Amino acid sequence: LPTPSYSTPNVLPTPEHQIHVQPHHPSPDLFEDESPPSSAQWMDERIANAFGQAWTQSPPATPRKQYAPTWYNCDTETVPSDESSTTSETGPDKLWTFIYRGPPPKFTINSRVNCLWADHTDHFHFVFKCHPNNKRRTIQRIIQAGNLDTMQNVSILSTCQPVINWDKFAAYLVRHSTNCIYCIGRELEQLATDARSTTRAEQDCSTLLRNDRAQGQKFTNLKRKARVDLIRELVETYDARTLAELKDALSYDDRLNLYAEHGPSWKETAELACEAYVEKLRKDQETTSLHEYIARNNHNRTCQKPRSTDEGCRWLDRLLAVNNIDKNKFLTQLTDIMNKKENRVNAFVIQGPTTTGKSLMLNLLTENYIYGTVQRSGDHSQFYLMNLLNKAVALMEEPRITPLTVNDFKELLGGRQFDIHVKHQPDARLRRLPVLISTNTDICQYLQSEDAKAIKARCFYYHFTVPIPSALLPEPPCMMCACHFRAWYLNWFYNK
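When we follow the numbering used here, the leftmost residue of the sequence shown carries the number 8, and every step to the right adds one.
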């Protein structure tokens, strides 16, 4: 017999309303009586005797939604599908497409799939309609029904994407007159008819979305390049090495153009453009000989543009003559230092009292180059050579070489590459660069004799002793600039 469901009564009996139990019935304890009930009526009497009130069957509770019975048609499906049960709740079906590269599909007559495909000779385009949750299962059904190559599963899944605009996509499916559209099932017959009557496009359908992205990216790149070209032209026109130099050189119209193209962020782009411009100049200076580089007149920032350089060239000749210096030897050794021709000599030193033309001579040369200076109190900091990184020439005035820094100067003046300390950054490798030094006293005055010999063996040493102005050497006839040194040097180089 079916076991009835029991429920605890809402009202429990009180002692004064107890019902007397007949002596012929068994124990009122239902769980201790092993004999099965003979009838439903007798069971109701036992319950009434046990709880002291008549048995009333409670109405069955309404089952929860997830426990509600679901009926399935045995002819179509016996097991419920989680994906199909949620299709109507999450959204409508969508069109999907994938690319298949393999043998031609062979669908049977009894195929129950709905899809269409286009033959593009070397690959096939399949189009089907399903819910996003059923996409993978629908693809597997198409593969099985069309006897597609199962080795192409990964390629098929990787090329699957939604069809956003069917009219546009259909033009790609029929891009050549030899293409044919095939349809299986009746669900996509209308789409197949539309595709056969669509105007053909002469683009590769396999790059549909990629072409759209490329066109947009190309337009964006052109706009970005136009904005960068504006700053690059300004940097090169004004020969600006830093952002401060560019800001000082900009005119009112230039600033308005920058604000219109870049907005408030123009300074960041301008700073990067200046860094790139300086790096370009530095690489050019390192790979070009002295006479070739200064011939380009690369000093337009501070050039006085004199009409004639003859007087300045004659004054430079007199400067060397009154100090008893051979011009040919002086310029030959200077050329070897700038062109890095010597193996163990990498420094050009001019020593002498103040106002003798030491700094003037070296400044006329370094005006054409990107140079870095060195702190005079080098032994007080371990970052004293940090300013020479990414520079073409090292210019030093009154360097202080002590026993603490002598080893670094031996490497630097000898043309060796070595690692230096950089503040708040890892150590960096300092490449060989020419060193030009002007000093009032001996650069080895703080060193012992052995170290002093090693330092001077790495330098070409000259002395300027005649002050300016004096009876032997008057003041320069004009404001000296790099144009005078350029003309003076090239005249010697081509006539030596």
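Just so you know, even glycine gets a beta-carbon here, dropped at the ideal spot from N, CA and C. Since we're looking at a predicted model, the values are computed, not measured.
Leaving out the 5 sequence neighbours to the left and right, which residues in its chain are closer than 7 Å to residue i when beta-carbon positions are compared?
i: Met345; result: Leu297, Pro441
i: Asn264; result: Leu237
i: Asp156; result: Gly109, Pro110
i: Asn189; result: The question names Asn, but residue 189 in the sequence shown is Tyr. If we look at Tyr189 and ignore the five residues flanking it on each side, its Cβ neighbours are Leu123, Trp124.
i: Val285; result: Arg248, Ile377
i: Arg234; result: Glu268, His269
For residue i, count neighbouring Cβ atoms within 10 angstroms of its own Cβ and tell me buried if that reaches 16, exposed if not.
i: Glu575; result: What the structure shows of the chain is the stretch from 8 to 503, and residue 575 is not part of that stretch, so it cannot be assessed.
i: Phe133; result: buried
i: Asn502; result: exposed
i: Ser272; result: exposed
i: Ile171; result: exposed
i: Ile116; result: exposed
i: Asp476; result: Inspection of the sequence shows that residue 476 is occupied by Pro rather than by Asp. Counting Cβ neighbours within 10 Å, Pro476 comes out exposed, since fewer than 16 surround it.
i: His292; result: The sequence shown places Gln at residue 292, rather than the His named in the question. Classification for Gln292: buried.
i: Pro481; result: exposed
i: Pro406; result: buried
i: Tyr469; result: buried
i: Leu323; result: buried
i: Met1; result: Lying outside 8 to 503, the shown extent of the chain, residue 1 is not represented and no answer is given.
i: Leu479; result: exposed
i: Val181; result: buried
Measure the CB-CB distance between residue i and residue j and report whether it falls below 8 Å.
i: Phe114; j: Cys167; result: no
i: Pro433; j: Gly319; result: no
i: Lys365; j: Phe471; result: yes
i: Ile149; j: Val120; result: yes
i: Pro360; j: Asn447; result: yes
i: Ile191; j: Tyr107; result: no
i: Leu241; j: Asp261; result: yes
i: Cys485; j: Cys310; result: no
i: Leu420; j: Cys466; result: yes
i: Ala283; j: Leu253; result: no
i: Asn354; j: Val381; result: The identity of residue 354 in the sequence shown is Ala, whereas the question assumes Asn. It is not a contact, given that the beta carbons lie outside the stated cut-off.
i: Met403; j: Ile357; result: no
i: Trp173; j: Leu102; result: yes
i: Thr244; j: Cys490; result: no
i: Lys287; j: Leu250; result: no
i: Thr473; j: Val329; result: According to the sequence as given, residue 473 is Val; it is not Thr. Yes. Within cutoff.
i: Asp201; j: Ala178; result: no
Taking 8 Å as the limit between beta carbons, can you name the residues of its chain near residue i, skipping five residues before and five after?
i: Lys398; result: Arg289, Ile377, Tyr378, Gly379, Leu440
i: Leu497; result: His298, Ile301, Ala302
i: Leu396; result: Gly379, Ile427, Val429, Ala435, Leu437
i: Gly152; result: Per the sequence presented here, residue 152 reads as Ala, with Gly not at that position. Cβ within range, chain order: Phe114, Thr115, Ser118, Arg119, Val120, Ile191.
i: Glu349; result: Asp343, Gly422
i: Gln389; result: His428
i: Thr83; result: Residue confidence is low: Thr83 scores 43 on pLDDT, short of 50, so the model does not pin down where it sits. No coordinate-derived value is stated.
i: Asp333; result: Leu327
Kindly list the residues whose CB is nearer than 6 Å to the CB of residue i, restricted to its own chain and excluding five residues on each side of it in sequence; keep chain order.
i: Cys451; result: Ala459, Ile462
i: Leu237; result: Glu268
i: Leu326; result: Gly364
i: Asn154; result: Lys113
i: Cys137; result: Asp100, Thr145
i: Gln340; result: Phe467
i: Leu338; result: Trp499
i: Phe38; result: Its pLDDT being 47, under 50, Phe38 is placed unreliably in this model, and the coordinates cannot settle the point.
i: Cys187; result: Asp126
i: Phe416; result: Ile408
i: Trp495; result: Cys320, Leu323
i: Phe131; result: Tyr107, Trp124
How is the alpha helix (DSSP H) around residue i delimited, first residue to last?
i: Ser162; result: 160-166
i: Leu367; result: 365-373
i: Leu420; result: 413-420
i: Leu180; result: 173-180
i: Leu198; result: 196-203
i: Lys348; result: Element bounds for Lys348: n/a, residue is neither H nor E.
i: Gln151; result: 142-152
Terminal residues of the continuous beta strand (DSSP E) containing residue i?
i: Thr446; result: 442-446
i: Met403; result: 400-404
i: Cys490; result: It is not in any beta strand (DSSP E) - Cys490 instead sits in the alpha helix (DSSP H) that spans 489-502.
i: Thr380; result: 378-380
i: Gln432; result: 432-437
i: Ala461; result: First-last for Ala461: 456-463, but that is the alpha helix (DSSP H), not the beta strand (DSSP E).
i: Ala354; result: 354-358
i: His132; result: 131-137
i: Asp126; result: 122-126
i: Asp246; result: It is not in any beta strand (DSSP E) - Asp246 carries neither H nor E in the DSSP assignment.
Report yes if the C-beta of residue i is less than 7 Å from at least one heavy atom of the ligand GDP; otherwise report no.
i: Arg262; result: Because no ligand of any kind appears in the structure shown, any question about the ligand GDP cannot be addressed here.
For this session: Return the chain-ordered ranges of every alpha helix (DSSP H) run that is complete within the segment 255-335 and spans a minimum of 4 residues.
Result: Runs found: 259-269, 273-293, 297-301, 317-329.
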